[in-house]
Every structure is written in C-alpha cells, then in structure tokens.
Amino acid sequence: MRCRACTGSLHTHPLLRLEDMPDAAQFLPDAAALASERGADLDLLQCAACGLIQLGGAPVHYYREVVRAAAYSPEMGAFREEQLRGFARQFGLVGHKVLEIGCGKGEYLTLLQKVGMQAHGLEFSSASVDHCREQGLTVHAGYVENEETLVPDAPFAAFFIFNFLEHMPDPRTSLRGMAHNLVPHGVGLVEVPNLDMILRHKLFSEFIRDHLTYFTRATLTNLLAMCSFEVIDCQEVWHDYILSATVRKRSPTDVSSLIQHREHIHRDIHQYLDGFMPRRVAVWGAGHQALAILSLVRIQDRIRYVVDSAPFKQGRFTPATHLPIVAPQHLLADPVDGIIVMAAAYSDEVAKRIQQQYDQVKGVAILRDYGLEIVKNHA
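Here the sequence shown stands for residues 9 to 387, numbered as in my numbering.
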C-alpha cells in the first residue's frame, strides 16, 4: 500500500493496532446479522514521506455517501451560520454559485442559502439526493471520482467540504477534482477531524474504519498545497475538534514579465551589434547565464568568439551555439572591436580589465539585469 495523499512509502510497522473494532460506523447490524457480523483490526500507518497518518485496508462500502445521524444542534447551527456568513462576506460570495461536496440531506445547504450564496450540492446517495430535491435544494448526484470530474453547473466561486475528506480513499485526486470545478482563484473551506486534538487529549476511541485519514494541521495543509490550493488559513474550531482550512485555487505562475524582458534584452543586444561590422564583437563570460543568453537571443552568427578566464573552458565550444571559447590573451592575437561582458557579479571587474589591458577594443558593454549598459562607447 502507498500513501493515500502523496503515494509515498509507508513505515513498515503500524503506529498502533486496534483489534476487534467495529467494522463500520453506519448501517449497523440487525439481529439477523449478528451471527455473521465480526469486528475488524485497524492498523494505523504513517507515510514516511509526507507524515500523513492513515488506516490500511479498503474503505467502507458506503464511503461516497455522507450519512449524518441528525441535523446539527442549535449551537452548531449558530456557529455554522456565523462562520459561513463571515466566509461569504470575506470573499464576496453573496449571490454567487457555491458547491458543497458530500452534502448529505442538505443540512448545510440551507445555511449556505440563508447567508446569501447560491448553494449547490453534490451527493452520491440517491435517497439523500431525492430528499434534498424534495426540499427545493439544487443537488447533483455523484462523487468526485477523478481530477477531471465535472459537476453540473460548474464552475463555482467556492466549495465546501465538511468532515468528508477523511472518508475518501484517494483524497489527493478528489481535491484536484474539486479544484477543477472552480473559477480561477476560487476559494474553499475544507474541514476534517483534528488529529492534533485527538493526540493532545489521548482520544484513542476516535479511530474508526470509516475515517481513512487522520490529519494534523501540518499534513492537511501539505496535502492541500499538493492539490492546486494555496492555504490562506488553517485553524482549530468547534472546541478544537475540527481543523478548518480556508484555501484558494492556485493559478499557474505568471511568467509574462520574463517573456517581455527576454524580448527587451534581445532588442538591446541586437541593436548594439548593429553598430559593428559583422563578427567584430566578442562575448566575455561562459557561465550558465551567458550560455543561455547566447542561445536565447540568437547571436551566434554575429559573435566572433567567447572569452573566459577559466582554463578548463578554454579550447571548448559553447553548447547549442558552438562558438569557440578562448583565453583573454586571444584578444591580442585575434582582436575585436567590441565586447559584451556577461560575467554576472564579476562584470565590473572584467570591464575594467578590458579597458586597462586591451586598448584596441573600441566598445565595451555590460549586460545588466535591466539591459545593456554602455561602459565604453565605440563611436
């Protein structure tokens, strides 16, 4: 078995073995089933890579369904209403479509609507779906089976999952599927039982077969980060029994500024070379940045050679562009009219050396972060 979150290797020996435990917390046996009903041994395992604590073995047969024994208490209802109203206000969700994953019989959908959001639910149990629809709630039948699962009426501005993630045998895939159903920068509220609290209070009876994963603040935020989410906040709520993580869908990093700056450097260098006769300019520097620039701005046909002070580079050629790499004294044997210095932190030192030792070089420029700086004008 591999880790349910990161697919890493699990420690060989269980952290804890609980013997003859209830085989399920729902759909309890009746009198006729007692003769064949047996307990189950639970092995509490830990991932050696990400640290997530989890049960081995298969999930209960009803893991896709949310089964709540009763509606929330008045105290819980007041807590949820205040929490969800604040969430809607914080992220501007009033009037926007939101989705509860594993909505059961719609206990929280009504609260989502009450605080002004357009509540949609996703539930696997057909009986619960029917019940929700009879109450006038918008609920879709299904489960987030994979990363490409698309819920009807998607995309949503936000999603909510209340104490359901720990039931999922593949939480990483399911979370990525949830992200797939969000608008860019969509937000979410992810809640799970709090293992940090369980350990603090030695609540050994909290381990049940229905719950496949047991999250600390660290392992929950780590999983969410692996699943296309930025964790805005993660705190203990409801008498510390619940970990509540606020997340935002992470967008690909914007690298447009890199593309624009590359084009700027390309123009700078080619405009500088336009002031010289063909192949009468050398580059000083064969470090990795200089080698990359030579390829990216495509100046190999306009450069005579590359100078570098490192003996182990001399006599070699630049990769991809195939320019000869020569020692500094080669400037005397085969002089050039201009030099572009690409020596990173050593550029000022190199430029000074060129002006002091190689008078025949008419023009010297340094490639800075912002573009070319003319140190010695060849005009």
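For glycine and all other residues, C-beta sits at the position ideal for the given N, C-alpha and C.
Between Ala353 and Pro67, what straight-line distance do the alpha-carbon atoms span, to the nearest angstrom?
Straight-line Cα distance between these residues: approximately 58 Å.
Hey, would you say Ala165 sits closer than 9 Å to Leu190, going by beta carbons?
In contact: Ala165 and Leu190 (Cβ atoms closer than 9 Å).
Does the distance from the CB of Leu119 to the CB of His128 come in under 9 Å?
Not a contact, by the Cβ cut-off of 9 Å.
Using the three-state DSSP reduction, which class does Leu24 fall into: helix, strand or coil?
Three-state DSSP puts Leu24 in a strand.
Would you mind sorting Thr15 into buried or exposed? The rule is 16 or more other CB atoms within 10 Å of its CB.
So Thr15 counts as exposed.
Quick one: what's Phe168 bridged to in DSSP?
For Phe168, which the question treats as bridged, DSSP gives the partners Glu108, Leu197.
When you compare only the Cα positions, how much space is there between Tyr280 and Gln98?
Their Cα atoms are separated by approximately 52 Å.
Which two residues bound the contiguous alpha helix (DSSP H) that contains Cys140?
Segment 134 to 142, the alpha helix (DSSP H) holding Cys140.
Skipping 5 residues on each side, what residues in its chain have a beta carbon closer than 6 Å to that of Glu156?
Answer for Glu156: no residue qualifies.
State the DSSP-derived secondary structure class of Gly85, mapped to helix, strand or coil.
Here Gly85 sits in helix by DSSP.
Compare the Cα-Cα distances from Val123 to each of Leu232, His104, Asn385 and report the closest residue.
For the residues Leu232, His104, Asn385, the minimum Cα distance to Val123 belongs to His104.
Of the choices Pro30, Leu340, Glu27, Arg208, whose alpha-carbon is the least far from that of His247?
Among Pro30, Leu340, Glu27, Arg208, the Cα nearest to that of His247 belongs to Arg208.
Could you tell me whether the region 285 to 298 touches the region 266 to 275, using the rule of 3 or more Cβ pairs below 8 Å?
At 8 Å Cβ cutoff, the stretches do not touch.
Counting Cβ pairs, one atom from each stretch, are 3 or more of them under 8 Å apart for the region 237 to 255 and the region 347 to 361?
At 8 Å Cβ cutoff, the stretches do not touch.
Let me check one thing: in DSSP terms, what residues is Ile348 bridge-paired to?
Per DSSP, Val291, Ala373.
Would you mind reading off the limits of the beta strand (DSSP E) that contains Gly129?
Its beta strand (DSSP E) spans residues 126 to 131.
I'd like the list of long-range same chain contacts for Cys53, defined as Cβ closer than 8 Å, with 5 residues on each side in sequence excluded.
Reading off the sequence shown, one finds Leu at residue 53, where the question assumed Cys. Taken in chain order, the residues that qualify are Met9, Leu18, His19, Pro22, Leu23, Ile61, Gln62, Leu63, Gly64.
My assumption, with CB atoms under 8 Å, is that Ile348 sits in contact with Ala373. Please give the rounded CB distance.
The pair is a contact, with the Cβ atoms about 5 Å apart (cut-off 8 Å).
Would you call the region 308 to 321 and the region 284 to 291 touching, i.e. three or more CB-CB distances under 8 Å?
Counting Cβ pairs under 8 Å, three or more are found: they touch.
Could you compute how far the alpha carbon of Trp3 sits from the alpha carbon of Gln268?
Residue 3 lies beyond the stretch modelled for the chain, which goes from 9 to 387, so this question has no answer here.
Quick check: what's the CA-CA separation for Trp59 versus Phe212?
The sequence as given places Gly at residue 59; Trp does not occur at that position. Computed Cα separation, rounded: 19 Å.
Identify which residue in Met205, Val152, Glu199 has its Cα closest to the Cα of Arg184.
It is Val152 whose Cα lies nearest to the Cα of Arg184.
By DSSP, does Gln243 sit in helix, in strand, or in coil?
Three-state result, Gln243: strand.
With a cut-off of 8 Å on the beta carbons, I'd call Leu220 and Pro160 a contact; round off their distance for me.
Between Pro160 and Leu220 the Cβ distance is about 27 Å, and since that is not below 8 Å, they are no contact.
Taking only beta-carbon positions, decide if Val191 is within less than 9 Å of chain C.
The question asks about chain C, but that chain is absent: this structure has only one protein chain.
How many Å lie between Ile277 and Leu380 at the Cα?
One C-alpha to the other measures close to 7 Å.
Tell me the rounded alpha-carbon separation between Ala13 and Lys384.
Looking at the two C-alpha atoms, the distance is approximately 59 Å.
Distance check for Cys235 and Thr181, CA to CA, integer angstroms please.
When rounded, the distance between both Cα atoms is 8 Å.
Once DSSP output is grouped into helix, strand and coil, what is the label at Tyr366?
Coil, per DSSP.
Using DSSP's beta-bridge definition, name the partner residues of Cys55.
In DSSP, Cys55 forms a bridge with Leu18.
Curious, which full-length alpha helix (DSSP H) runs of at least 4 residues does the region 209 to 271 contain?
If we require 4 residues or more, the alpha helix (DSSP H) runs fully inside the region 209 to 271 come out as 225 to 234.
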